[in-house]
Amino acid sequence: MKKLVLITASLLVVFSACAVALAQGYETMPEDALIIPLGVEGTLYDFLEPGLRGGTMYISTIGDPKKWNHTTSKETSTTLYTSQMMAGLTNQNPVNGAIEPELAKSWDISDDGLVITFHLRRGIMWSDGTLFGADDVLFTFNDLIYNEDVDTSSRDNIQLPDDTFPVVEKVDDHTVKVTLSMTFRPILTQIGVGIMPKHKLAQYVHKLNPDVPVGTFNETWGLDTDPAELCGLGPFIVESYEPDQQVVMRRNPYHYRYDANGTQLPYIDKYVILTVASQDVSLLKFRNGELDVFGCRPADVPILKAEEAAKDITVMVARDKPVLGTTWITVNQDVGLADGTRENLRNLFRNRKFRIALCHAMDKETMINNLVNGLAVPQWSPVSLLSPFYAGRDYYGGPITETNAVIFEYDLDKAASLLDEIGIIDRNGDGWRDFEDGTTVEMEFNTNVGNTVREGAILIIVDDLNKIGLKAIANPIDFNTLVTKLLSADYDFVYLGLTGGTEPNSGGNVYRPCGTLHAWHYSACEEPYEVEKRIDELLDAGVATLDNDKAFEAYKEYQITLAGEDLGLLYTFNNAYTYVYYNYVGNAQVASPLGSPSSFYGLTWDLVFKKG
Amino acid sequence: MIGLRRKKGLKEELEYREYVSLSQGQMIWRAFRKHRLGNIGTVIVLLLVAAAFFAEFFAPYHYAEQFRLYPFSPPTTFHFRSEDSFTLRPFVYKTTREFDPETYQPTFVEDSSKKYHIRFFVRGYEYRLLGLFKTNVHLFGARANDGSEVPVFLLGTDTFGRDLLSRTMIGGRISLAVGPLVILFSFPLSIVLGGLSGYYGGGIDMFLQRFGEAFMAIPALPILLAMGAALSGFGLSSTMIFLGIIVSLSLISWAGGARVIRGQVLAIREMDFVTAARAAGANDLRIILRHITPNVMSYLVVAATLTIPYMMLTEAALSFLGYGVREPMTSWGQLLNAATNISGIEEHPWLLIPGIFIVIAVLAFNFMGDALRDAVDPFTIV
Chain A
42 MKKLVLITAS LLVVFSACAV ALAQGYETMP EDALIIPLGV EGTLYDFLEP GLRGGTMYIS
102 TIGDPKKWNH TTSKETSTTL YTSQMMAGLT NQNPVNGAIE PELAKSWDIS DDGLVITFHL
162 RRGIMWSDGT LFGADDVLFT FNDLIYNEDV DTSSRDNIQL PDDTFPVVEK VDDHTVKVTL
222 SMTFRPILTQ IGVGIMPKHK LAQYVHKLNP DVPVGTFNET WGLDTDPAEL CGLGPFIVES
282 YEPDQQVVMR RNPYHYRYDA NGTQLPYIDK YVILTVASQD VSLLKFRNGE LDVFGCRPAD
342 VPILKAEEAA KDITVMVARD KPVLGTTWIT VNQDVGLADG TRENLRNLFR NRKFRIALCH
402 AMDKETMINN LVNGLAVPQW SPVSLLSPFY AGRDYYGGPI TETNAVIFEY DLDKAASLLD
462 EIGIIDRNGD GWRDFEDGTT VEMEFNTNVG NTVREGAILI IVDDLNKIGL KAIANPIDFN
522 TLVTKLLSAD YDFVYLGLTG GTEPNSGGNV YRPCGTLHAW HYSACEEPYE VEKRIDELLD
582 AGVATLDNDK AFEAYKEYQI TLAGEDLGLL YTFNNAYTYV YYNYVGNAQV ASPLGSPSSF
642 YGLTWDLVFK KG
Chain B
187 MIGLRRKKGL KEELEYREYV SLSQGQMIWR AFRKHRLGNI GTVIVLLLVA AAFFAEFFAP
247 YHYAEQFRLY PFSPPTTFHF RSEDSFTLRP FVYKTTREFD PETYQPTFVE DSSKKYHIRF
307 FVRGYEYRLL GLFKTNVHLF GARANDGSEV PVFLLGTDTF GRDLLSRTMI GGRISLAVGP
367 LVILFSFPLS IVLGGLSGYY GGGIDMFLQR FGEAFMAIPA LPILLAMGAA LSGFGLSSTM
427 IFLGIIVSLS LISWAGGARV IRGQVLAIRE MDFVTAARAA GANDLRIILR HITPNVMSYL
487 VVAATLTIPY MMLTEAALSF LGYGVREPMT SWGQLLNAAT NISGIEEHPW LLIPGIFIVI
547 AVLAFNFMGD ALRDAVDPFT IV
């Protein structure tokens, strides 16, 4: 008898597995499917073409993911994958940067701008075939993002200047009401966080299931999770993972996007992300035909350009589209504060004229021409060039004329005379400038070892400072050591970069006096300078209006204050957006630094297909 | 045997008599001179050492000077022929870096309107020859008839536009100095600890040898990398980091030498002349320094010659990986570091030239060491 039971049981398992396998995808296109009008005249997508279903796409990345949980992910090596699995209520269009309906098919905004009603798409299913609804949205906000037990960086982004959160309520199964306590302009951007499946994850949240300990959710969907357990609304779902080798993602059979011909997206069945040790390996693999698309470095462009015809590839170089984010040098205004040493240097670093002298000693043109083949633009502001709020524009979204940008031209004589002016002169004739008490000014520049562009940039700066008599050395160190030094204010100068978006308010954790990354002046949280208080106010003013032009004025002043008055970070340059693909990849030209910043090379992967 | 020798001519007989009357040093020198490869190696080593001593003279520019308009300039082309005439006096043209807007390929375009002739013993940056005499004379440079100058890059430039010839010259000084400096630190340790161990034996021997084995058990490269990384955490100057590397290399290399010396001392202390010295009332220190050490000298000389190329390679590996000498100071290995990426090698092959110097120097030292070993080996003398 026992045997029989066993056989029956296993038969049942096989049968149910078949049932799952049969229920792949929608029987007919859902009524509320999102139509991407590829190749349709007069639309945003008329330069693309409808594709063919099937095929596998190969790309590569450095570094393994840390988990599959989108809400608690922190680093881009993880969000590369999780952002493909998840989708939000709204999305930023990669072509023109506009905020568009995604899981919400539309929304109504009350006259005072404080109540937003989102109408969700009907008949949309999770990748396991469960129906998506308002409960999932409520779960994501009320039980995950607003839940103090959950370790998520999304919480800061959606917090309003008065320290409250938007209230998310259910009207019916397909309608969600969001109520704000004050005007918050970027709400439509920030509300677009990845929605998580309640039916899968509610059991791991202590608040909903007291049987599990506090914090269980932070360990949920780790790398040891069976990929069959994962589900999402995004175009791809992780199918398998081999550490240090590759991640395979399969198309979500229940994805809600369709092209104008009624073909469901994504076009490709699978995409394989190989883990490589360095960008050089990626370059070799791409040239060898092992990768279909590669986010090359500016330095690789000449080599690839030379092979463009022979290999039938296209090298995209968007010189007018610098990547989002910032690269900078911090001047540690709290140097030696912790142990009460180096007071001379600290006072010097706190002197605005000294920081202006440093700006005049930065030869950005040489850095760009010699280190990145001329494929970069100098940076003068904390806000990316592509943002409609960039101060170098005449008005919100206007043309870039650099009229308002604070520009310090490369001029060593000016730098030297500024140093003379503040009394930093050579007092003992040894060729190095000294403090008033006769000790030599000595400074150290750190960056992460192995990043040749950054190492090169600090060598150029150090060479220039030596020319004007400042004793500076360049010392590239291990990345983790560098971050520890930065966060504990134990450094003189650090050269690093930050990712960024188009909304200036997202830089709050860096530029506000109490920001966790306000690494050049942590003591500002207790005793902010006047200029730092002003920055705080301007950041609030930028979000507290729905009028983009008013916000632009606030952000313009913010950028001018930060880059011209405060000078906490000295900006360097931003690489042009570059990538390369084989010409058999269709719709690869849709890539843009605006397209979901964490997706691979900014490509909208559900539109990509293989020709022929 | 006697009969055989008698059949030789007078010349050979005289040579033989001269030979047996030679001192040990003279015999070694004679054997060494017969080793042709060893002689070539020695000449190359001497040339390299001379180049290192007079590096600033051979280097046209300061090793850290950035010619920012000439990043990755290929080696300058020498011209002997202008439109119509041929001249034995080479000249160069001024080059300008231009970007191809289509391919983004930077190229250096020559401006043939003005000739800059190569001149010898020109004036350049100021330095102290051998650290003593202040001068500004350099071997060569290029100047037009109207006095204007243009940089000449015999081996091309790096990403900052620094002259690779000048950097190779100064880098050679570091690479060649590593070996002797490590010997300076590690050999006294080896001699003292190995000597004590071999001479006294017993518990001291046991302790010192196990102590040395502990050092030998440490895998060299990971430790060197860790030490390099640790050194960088203190924000030291490049000179201090260089000294740190020397000390690290010495710490991992003394134990091997100490073990060989112990073995030799162990054998020598049983020899009759040591017993005689002891019977004559000489104290231990005198016996070790006057009677035993001269007998291990030949080993030390050979070991030193073979340690130099090994240390040069270790330093090169360390610098190549980015944990050795720090910018703007340089060494041959550190120069090779610039050639680590694919675009570096493919587009700027001249970056690999410092590697050729390493190969030549290591081979030359090894040939010299081989010849020296053959020469001092007692079995090959007679």
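Chains as they are written, first to last, in this note's numbering: chain A, 42 to 653; chain B, 187 to 568.
All residues carry an ideal CB built from backbone N, CA and C; glycine is no exception.
These numbers were taken from a predicted model, which means no experiment stands behind them.
- Item | Distance CB(A/V551)-CB(A/P423) smaller than 9 Å | Their beta carbons are under 9 Å apart, which means A/V551 touches A/P423 by this criterion.
- Taking A/K346 as the query, report the chain B residues whose CB atoms sit under 8 Å from its CB, ordered along the chain. Ordered by position in chain B, the residues that pass the 8 Å Cβ test against A/K346 are E288, T289, Y290, Q291.
- Under 8 Å from any heavy atom of the ligand FMN, does the C-beta of A/S281 make it? In the structure shown, the ligand FMN is absent, as is every other ligand, since no ligand is present at all.
- Message: Assuming B/G358 and B/L223 are in contact, meaning their beta carbons sit under 8 Å apart, how far apart are those beta carbons, in whole angstroms?
- Response: Not really, about 22 Å apart at Cβ, beyond 8 Å.
- Item | Residues bridged to A/Y536 [DSSP beta-bridge criterion] | According to DSSP, A/Y536 bridges with A/I370.
- To the nearest whole angstrom, what separates the beta carbons of A/P634 and A/K405, a pair I think is in contact under 8 Å? About 20 Å separates the two Cβ atoms, so there is no contact after all.
- Cβ contact check for the segment 358 to 373 of chain A and the segment 535 to 544 of chain A: 3 or more pairs under 8 Å: The segment 358 to 373 of chain A, when compared against the segment 535 to 544 of chain A, does touch it at the 8 Å Cβ threshold.
- Taking any Cβ of chain B, which residues in the segment 390 to 414 of chain A have a Cβ under 8 Å from it, in chain order? Listed by position along the chain: D404, T407, N410, N411, L412, N414.
- Count the other C-beta atoms from every protein chain shown that fall within 10 angstroms of the C-beta of A/M357, then say buried if there are 16 or more, exposed otherwise. Flag for A/M357 reads buried.
- Item | Cβ separation of A/A632 and A/L416, assumed to be a contact under 8 Å, to the nearest whole Å | So it is not a contact: roughly 16 Å between Cβ atoms.
- Below 7 Å CB to CB, which residues in the same chain sit around A/K44 once its five sequence neighbours on both sides are set aside? The predicted model places A/K44 with a pLDDT of 42, which falls under 50 and marks its position as unreliable, so this point remains unresolved.
- Please list the segments of the alpha helix (DSSP H) lying wholly inside the segment 380 to 440 of chain B, counting only runs of 4 or more residues, in order along the chain. Segments of the alpha helix (DSSP H) lying fully in the segment 380 to 440 of chain B: 388 to 403, 406 to 418.
- Query: Where B/M402 and B/L549 are concerned, what is the direct C-alpha to C-alpha distance, given to the nearest angstrom?
  - Reply: Computed Cα separation, rounded: 26 Å.
- Give the straight-line distance between the Cα atoms of B/V368 and B/L435, rounded to the nearest whole angstrom. Separation of B/V368 and B/L435 (C-alpha to C-alpha, rounded to the nearest whole angstrom) is 7 Å.
- DSSP puts A/S281 in a beta bridge; with which residues? A/S281 is bridged to A/V289.
- Query: So what does DSSP say about A/E483, is it helix, strand or coil?
  - Reply: Taken through DSSP and simplified to helix, strand or coil, A/E483 comes out as strand.
- Query: When the distance is taken between beta carbons, is A/Y625 closer than 9 Å to A/K651?
  - Reply: Going by C-beta atoms, A/K651 is nearer than 9 Å to A/Y625.
- Query: Taking the C-alpha atoms as reference points, what is the distance between A/R94 and A/Y308?
  - Reply: Going by the C-alpha atoms only, they are around 4 Å apart.
- Helix, strand or coil at B/E312 [DSSP, three-state]: In the structure shown, B/E312 sits in a strand (DSSP, three-state: E or B).
- Query: B/T281: buried (16+ other C-beta within 10 angstroms of its C-beta) or exposed?
  - Reply: Around the beta carbon of B/T281, a 10 Å sphere encloses 16 or more other beta carbons of the protein chains shown; the residue is thus reported as buried.
- Query: Cα separation between B/E456 and B/T491?
  - Reply: Spanning the two alpha carbons is a distance of roughly 28 Å.
- Answer with yes or no whether the minimum CB distance from A/E477 to chain B is below 9 Å. Residue-level contact by beta carbon fails for A/E477 and chain B, as no gap is shorter than 9 Å.
- Message: Per the DSSP calculation, A/V334 is bridged to which residue(s)?
- Response: Beta-bridge pairing links A/V334 to A/Y622.
- Query: B/G449: which of B/D391, B/L537, B/E533 sits nearest, CA to CA?
  - Reply: Among B/D391, B/L537, B/E533, the Cα nearest to that of B/G449 belongs to B/D391.
- Message: Would B/V562 and B/V511 be called neighbours here (beta carbons separated by less than 9 Å)?
- Response: Inclusion of B/V562 and B/V511 in the CB contact set at 9 Å is not warranted, their separation being larger than that value.
- Straight-line CA distance for B/L504 to A/C337? Looking at the backbone, the Cα of B/L504 and that of A/C337 are separated by about 28 Å.
- Item | Minimum Cβ-Cβ distance from A/G653 to chain E less than 9 Å | Absent here is chain E; the protein component of the structure consists of chains A and B.
- Item | Proximity test, Cβ basis, 9 Å: A/E496 and chain B | Cβ-Cβ to chain B under 9 Å: yes for A/E496.
- Give every residue of the same chain whose Cβ lies closer than 6 Å to the Cβ of A/A128, excluding the five residues on either side of it in the sequence, and list them in chain order. In the same chain as A/A128, and ignoring 5 residues on each side of it, the C-beta atoms closer than 6 Å to its own belong to E143, L144, L274, G275, in chain order.
- Using a beta-carbon distance cut-off of less than 7 Å, what residues from the segment 310 to 326 of chain A approach chain B? The segment 310 to 326 of chain A vs chain B, Cβ under 7 Å: D321, L324, L325.
- Item | beta strand (DSSP E) runs wholly inside the segment 430 to 501 of chain A, at least 3 long, in chain order | List check, beta strand (DSSP E) in window: 483 to 489.
- Query: For B/N322 and chain A, any beta-carbon pair shorter than 9 Å?
  - Reply: With 9 Å as the cut-off, B/N322 does not count as an interface residue toward chain A.
- Query: Can you name, in chain order, every residue of its own chain whose Cβ lies under 6 Å from the Cβ of A/F258, other than the five neighbours on each side?
  - Reply: V191, Y245, V246.
- Task: Please report the residue range of the alpha helix (DSSP H) in which A/Y187 lies.
- Result: Per DSSP, A/Y187 belongs to no alpha helix (DSSP H) and is neither H nor E.
- Message: Give me the DSSP bridge partner(s) of A/T216.
- Response: DSSP output for A/T216 lists A/H160, A/D213 as bridge partner(s).
- Query: Measuring CA to CA, which of B/P535, B/I304, B/N322 is closest to B/E312?
  - Reply: Closest by alpha carbon: B/N322.
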